[in-house]
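Protein chains in written order, with my numbering: chain A, 11 to 347; chain B, 11 to 347. From the three backbone atoms N, C-alpha and C, an ideal C-beta is built for every residue, glycine too. Here is the structure we will look at.
Protein chains: 2
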Amino acid sequence: MTSPLILSRRHLGLLGMPALLGGPAKAQAVAEDPLPSWKPGPSRQAILAFLADVTTPGAPGYVAPPERIAVFDNDGTLWCEIPTVQLMFALARVKALAPRHPAWATTQPFKAALEGDEAALAASGAEGISEFLLATHAGNTPEEFNAIVTEWLAQARHPRFRRPYTTTVYQPMLELLRLTQAHGFRNYIVSGGGVEFIRAWSEQVYGIPPEQVIGSTIRTEFRFPHGGKPELHRVPSLDFIDDGPGKPVAIGKFIGRRPIAAFGNSDGDLEMLQYVTSSPGRRFGLIVHHDDAAREVAYDRQSQFGKLDRALDQAAPNHWTVVSMKNEWNTVFPPLG
Amino acid sequence: MTSPLILSRRHLGLLGMPALLGGPAKAQAVAEDPLPSWKPGPSRQAILAFLADVTTPGAPGYVAPPERIAVFDNDGTLWCEIPTVQLMFALARVKALAPRHPAWATTQPFKAALEGDEAALAASGAEGISEFLLATHAGNTPEEFNAIVTEWLAQARHPRFRRPYTTTVYQPMLELLRLTQAHGFRNYIVSGGGVEFIRAWSEQVYGIPPEQVIGSTIRTEFRFPHGGKPELHRVPSLDFIDDGPGKPVAIGKFIGRRPIAAFGNSDGDLEMLQYVTSSPGRRFGLIVHHDDAAREVAYDRQSQFGKLDRALDQAAPNHWTVVSMKNEWNTVFPPLG
């Protein structure tokens, strides 16, 4: 079975994007058109103006390279969040684990998950869903979990777009990640998703190494059994939910300085956007607005898919850039190689 | 008042160490003698052999640059831990805060701290010391706390060596940090000390940026008061103690991959050394052994200063390098400019 990560690497190469993978074509690609998937318009203009301002020595907005840190939400900001990919993983994982847990066939929330009954799963409430997620994610070392995620991604396909989830990432955002990196930025993911789920593929798909991925965490324990080897073990206990006000808290803990640019798409990113864009100096906030029902999914406000409500209200007064996916993006997903 | 960070920067320059600060002399300095403060001997040889093995393409021990991660304990490994610098900070801080807390004059553990009665403070037990540390560290934003630490470091002096604590760092370890960095390593501090205490000066003193400092943490909250600004606030509640088995746990959480080299000096570093050096491939573990009573302090095993007992027993079977500070270091501290 071909690894999706290798597929992604190949795709990016075919797309003329070796720079994302650290190839020598970086300078040349940037010199041509750094954002080919972004149509001329206010968002593209705002991005380029910000990058010019913070990287031009002597400019009033200049920011020294060590302080050039950008934070990106993942679900709905860097890749498609409908359906939630990690939930699809958990639904597949519960089936793989079921033979070892015969009681699951008759016990909620596992029965619902095994039957693919999402309504019944949702009805189990936050506690039920949490139990389901912990049971499908814990009980392994980080290395084992990484291999499990990699193997699943290799064969899973997005139900509507019929392509690997590692290719339902947003092509314009891949270009943006590459461009900020070429301007001396260190890009961090700050996601409500599980940190080790994202770390399994973020370097190959986004060019973001594991140590620049911040996310929700379950507890791990150090174990060194007699005659065994020292390992970390992922236990079924929640450690931290990296969402809403948790995002600036995690940024403070992991990065230890305030980023100068933040990218999100929902109310779960509001506090991160506020925290990043309110400090003195040239700052940048951007919201990916899902308004493209034809090429992706249209949702905001009180939608069943996600909520962009308070953050959308706050965009104008805070001078955050709101990207219309429908009007400002030439393409949504990378073409398949 | 001159900032100690500026002092450090100047000292390093005077010592012919611009490379640590990212100057262009790096390659040249390394080409001369990369470790001038390390005497010829087993430790120096082991370090140089390891670096050659992991950076020589085609060599059996070769490690690609993204995986070249090294973790360093701080207290007793990178700087002198007798007395514990952060405890000295807390003792000074309790005096500065006392006018706002009149009850402290008659309440333990604060009375003991205010009177500098370390025996009485120790007698207050883990709970009392924790209360004392939280009260002297919390109640501010990370930016405010950083400024408080910086201001204190500018005037505090080591009681025996009569120099700023930012200069009671180990000159041989500064050279080692510079050398690993020149070999493509990303160096992380993994300390039992408070993460924001170390982040206030680690970049200037060690060339290690805030995002590469892992330590013990107190909780922070995101607050955005009406009419105010969004800030993190450090609250007097313990979040995580980064010591012993907590060190590999924190490495997994923050870095997300196993480092290939670990440097420590006490039993609190044992699990980190085990975790790092037990994975397949060329790995390196080093213990700084405090055996130099004349130039620093001699201690290990059951000493009053620190305990190096289980880790020392584990060194030989695990092929960890044990550095005799007395016999293998030409100098201990950087000369004052």
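Neighbourhood of residue i by C-beta, 6 Å cutoff - its chain only, sequence neighbours within 5 removed
i, result
"A56/B", "T331"
"P327/A", "none"
"F273/B", "F82, T87 and L296"
"T146/A", "A100, R103 and V104"
"G33/A", "The pLDDT assigned to G33/A is 40, lower than 50, so where the model puts this residue is not dependable; a value taken from the coordinates is nonetheless given after this. Within the same chain, G33/A has no close Cβ partners at all."
"M27/B", "Bear in mind that a pLDDT of 37 at M27/B, under 50, signals an unreliable position, so the number given afterwards is only what the model happens to contain. Contacts found: none."
"G51/B", "E338"
"Y309/A", "H300, F315 and G316"
Where the beta strand (DSSP E) through residue i begins and ends
i, result
"V332/B", "T331 to S334"
"F82/B", "I79 to F82"
"R233/B", "V223 to R233"
"R244/B", "E241 to F250"
"R196/B", "R196 to G204"
"L296/A", "F294 to D301"
"F120/B", "Run containing F120/B: none in the beta strand (DSSP E); it sits in the alpha helix (DSSP H), F120 to L124."
Cα-Cα separation between residue i and residue j, rounded to whole angstroms
i, j, result
"P235/A", "E306/A", "49 Å"
"L101/B", "W339/B", "32 Å"
"T227/B", "G203/B", "8 Å"
"P119/B", "V179/B", "30 Å"
"Q191/A", "A148/A", "33 Å"
"R233/A", "E241/A", "6 Å"
"L144/A", "R267/B", "21 Å"
"A35/A", "N275/B", "Because the pLDDT at A35/A is just 43, under 50, the model does not fix this residue reliably, and the value given afterwards should be weighed accordingly. Going from the Cα of A35/A to the Cα of N275/B covers about 45 Å."
"V73/A", "A132/B", "46 Å"
"K257/A", "G68/B", "42 Å"
"E213/B", "R78/B", "19 Å"
"A37/B", "G135/A", "Residue confidence for A37/B is low, a pLDDT of 48 falling below 50, so the modelled location carries little weight and cannot support an answer."
"Q314/B", "P93/B", "11 Å"
"D301/A", "N150/A", "39 Å"
"M335/B", "F171/B", "17 Å"
"Q181/B", "E153/B", "29 Å"
"R433/B", "D279/B", "Only positions 11 to 347 of chain B appear in the structure, and residue 433/B is not among them; the question remains open."
"A210/A", "T177/A", "15 Å"
"G126/A", "M98/A", "10 Å"
"T160/B", "V95/B", "13 Å"
"P76/B", "F250/A", "27 Å"
"V40/A", "L186/A", "Any answer about V40/A is weak, because its pLDDT of 46 lies below 50 and its placement is not dependable; what the coordinates show is given next. Those two C-alpha atoms are separated by around 11 Å."
"K49/A", "R188/A", "17 Å"
"N156/B", "F207/B", "7 Å"
"R311/A", "A122/A", "29 Å"
Boundaries (first-last residue) of the alpha helix (DSSP H) holding residue i
i, result
"G135/A", "G135 to H147"
"F273/B", "From DSSP, F273/B is part of no alpha helix (DSSP H) but of the beta strand (DSSP E) over A271 to G274."
"V64/A", "P52 to T65"
"K105/B", "V95 to L107"
"R172/B", "Unbroken run through R172/B: none, as it is neither H nor E."
"D323/B", "R320 to A325"
"Y216/A", "S212 to Y216"
"Y285/A", "L280 to T287"
"L45/B", "Looking at the DSSP string, L45/B is not in any alpha helix (DSSP H), and its letter there is neither H nor E."
"I158/B", "P152 to Q165"
"E91/B", "Here E91/B belongs to no alpha helix (DSSP H), and DSSP marks it neither H nor E."
Own chain partners of residue i with C-beta closer than 7 Å, once the 5 adjacent residues on each side are dropped
i, result
"L124/A", "V104, K105, A108, W114 and A115"
"S140/A", "L248"
"V205/B", "V223, I224, G225, S226 and T227"
Residue i CB to nearest heavy atom of the ligand COA below 7 Å
i, result
"H193/B", "Absent from the structure shown: the ligand COA. Ligands present: none."
Close beta carbons around residue i, own chain, < 8 Å, minus the five adjacent residues each side
i, result
"P269/A", "I79, A80, V81, Y198, I261 and V286"
"W162/A", "F99, A102 and R103"
Worksheet entry | Interface residues of the segment 61-94 of chain A facing chain B [CB-CB below 7 Å] | P76
Item to complete: Pair every Cβ in the segment 49-66 of chain B with every Cβ in the segment 102-111 of chain B, then say whether three or more of these pairs are closer than 8 Å.
Response: no
Discussion item. Using a Cβ distance threshold of 8 Å, determine whether the segment 213-230 of chain A contacts the segment 286-306 of chain A, with at least three qualifying pairs required.
Written reply: no
Worksheet entry | Positions along the segment 279-313 of chain A whose CB lies within less than 7 Å of some CB in chain B | E281, Q284, Y285 and S288
Fill in: At least 3 beta-carbon pairs within less than 8 Å: the segment 238-254 of chain B vs the segment 211-218 of chain A
no
Fill in: Interface residues of the segment 252-269 of chain A facing chain B [CB-CB below 9 Å]
G254, P255, G256, K257, P258, V259, I261, G262, K263, F264, I265, G266, R267 and R268
Worksheet item: Residues in the segment 204-215 of chain A with C-beta within 8 Å of chain B's C-beta atoms, listed in sequence order?
Response: V205, E206, R209 and E213
Practice prompt. Give the residues from the segment 239-253 of chain B that approach chain A closer than 7 Å (Cβ to any Cβ), ordered along the chain.
Written response: K239, P240 and L242
Fill in: Within 7 Å of chain A by C-beta, residues of the segment 217-229 of chain B in sequence order
P219, P220, E221, V223 and T227
Item to complete: Select from the segment 143-160 of chain A all residues with a C-beta closer than 7 Å to any C-beta belonging to chain B, and list them in chain order.
Response: P152
Worksheet item: Listed from N- to C-terminal order along the chain, which residues in the segment 184-202 of chain B have their beta-carbon within a distance smaller than 9 Å of any beta-carbon of chain A?
Response: R196 and Y198
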